[in-house]
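Read through the structure below, which is laid out as structure tokens, and then see the notes.
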Amino acid sequence: KSLRETLDKLRDRLRPAAIVLGTVAGDDKVMLVAGVTPELTERLKAGELVNAVAQQVGGKGGGRADMAQAGGTDPSRLDEALASVANWVAARLS
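Residue numbers (this note's numbering): 18 to 111.
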């Protein structure tokens with residue numbers, strides 16, 4: 018829940034923005050949330066974004082164009098997966 022609350026606060030302050038937040042719960046669970054501000058949802062879908070990140074950590078996810086959630090099972094790849102967000106977004110906006 019706190020990831021979603023943080024995401025909502027960031028989406029309210031940053032415009033335009035595509036945001037992905039992630040954390041490790043326990044020893045082996047990755048939790049991800051993604052948000053896209055309204056002015057970008059025509060070109061970026063939060064569900065596609067979070068799924069691209071989740072696949073890198075052994076998971077899957079989905080959701081709406083503006084907000085999505087995912088889970089994964091490989092926390093060792095979380096930093097790398099989050100680092101890939103900028104390139105994923107740039108490729109879709111170019």
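Using N, Cα and C, we set each Cβ at its ideal position, and we do this for glycine too.
Note that this is a predicted model, so its numbers are computed, not measured.
| message | Tell me the rounded alpha-carbon separation between residue 74 and residue 104. | response | 17 Å
| request: Give every residue of the same chain whose Cβ lies closer than 7 Å to the Cβ of residue 81, excluding the five residues on either side of it in the sequence, and list them in chain order. | output: 63, 64
| task | Under 8 Å by Cβ, that's how I've got residue 36 and residue 30 pegged, so tell me the actual separation to the nearest angstrom. | result | The Cβ separation is near 10 Å, so there is no contact.
| Since residue 61 contacts residue 106 with CB under 8 Å, what's their CB separation in whole angstroms? | 6 Å
| Outcome for residue 92 when other beta-carbon atoms lying within 10 angstroms are tallied against a minimum of 16 | buried
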